[in-house]
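Structure first, then comments.
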Amino acid sequence: MKEPGPDHPITITKNPHRIRVMLGGFIVAETTKGLTLREATLPPVHYIPREDVRMDLLDSTEHRTHCPYKGDASYFTVNGGGLVRENAAWSYEEPAPAVAAIKEHLAFYPEKVDAIEEFQE
Numbered sequence: 001m002k003e004p005g006p007d008h009p010i011t012i013t014k015n016p017h018r019i020r021v022m023l024g025g026f027i028v029a030e031t032t033k034g035l036t037l038r039e040a041t042l043p044p045v046h047y048i049p050r051e052d053v054r055m056d057l058l059d060s061t062e063h064r065t066h067c068p069y070k071g072d073a074s075y076f077t078v079n080g081g082g083l084v085r086e087n088a089a090w091s092y093e094e095p096a097p098a099v100a101a102i103k104e105h106l107a108f109y110p111e112k113v114d115a116i117e118e119f120q121e
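Mapping the sequence shown onto full-length UniProt numbering, position 20 (from 1) lands on 20, and the numbers just tick up by one.
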């Protein structure tokens with residue numbers, strides 16, 4: 001595993017806002033305990049605690065990817081309001097120590113769900 005550093009920084013911060021993920025008119029996930037991961041020049045990614053995700057609307061898939069900084073990601077198909085989006089969410093079940101905070105969290109591809117909303121309260 002590679003370690004984050006000046007050439008490839010990764011930061012994880014608690015997100016103080018409400019984060020909601022929508023698909024087909026259904027709230028797939030909603031939390032006030034989200035984390036925001038910022039990695040190098042990539043767009044920020046919201047990670048939502050598994051307890052705040054409607055896991056009954058997700059089905060695990062065989063798809064896997066590997067990130068040299070975060071570890072092995074497993075994927076989920078998301079169902080909501082009659083819509084099915086394959087591999088729309090992912091999770092690092094055993095993340096690298098540098099990003100251990102995202103364990104038991106899921107993230108969603110913005111282009112595969114209707115919305116990832118962030119509300120200031």
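Cβ coordinates follow ideal geometry from the N, Cα and C atoms, glycine included. Owing to the predicted nature of the structure, the values given are computational and were not obtained by experimental measurement.
What did DSSP end up calling residue i once you bin it into helix, strand or coil?
i            : result
glutamate 62 : strand
proline 49   : strand
aspartate 56 : helix
valine 113   : coil
alanine 89   : strand
alanine 73   : strand
alanine 101  : helix
leucine 83   : strand
leucine 35   : strand
leucine 42   : coil
So, is residue i buried or exposed, given that buried needs 16 or more other C-beta atoms within 10 angstroms?
i            : result
threonine 31 : buried
arginine 64  : exposed
valine 84    : exposed
Here's a check: name, in chain order, each residue in its chain whose Cβ is nearer than 8 Å to the Cβ of residue i, leaving out the five neighbours to either side.
i           : result
arginine 50 : Ser91, Glu104, His105 and Leu106
Once the 5 residues before and after residue i are set aside, which same chain residues still bring their CB inside 6 Å of it?
i            : result
serine 60    : Phe76
threonine 11 : Arg38
Starting from the C-beta of residue i, find all residues in its chain whose C-beta is less than 7 Å away, skip the five residues before and the five after it, and write them out in chain order.
i         : result
proline 9 : Ala40
lysine 33 : Pro49 and Asp52
Please report whether the beta-carbon of residue i lies at a distance below 8 Å from any beta-carbon of chain B.
i           : result
tyrosine 47 : Absent here is chain B; the protein component of the structure consists of one chain.
Contact between the segment 62-81 and the segment 41-49 is defined here as three or more beta-carbon pairs at a separation below 8 Å; is this criterion met? no
Okay, do the segment 114-121 and the segment 87-95 touch, 3+ Cβ pairs below 8 Å being the bar? no
Give a yes or no on contact between the segment 59-71 and the segment 93-101, applying the rule of three or more CB pairs nearer than 8 Å. yes
Complete runs of the beta strand (DSSP E) confined to the segment 7-31 [at least 3 residues]: 10-14, 18-23 and 26-31
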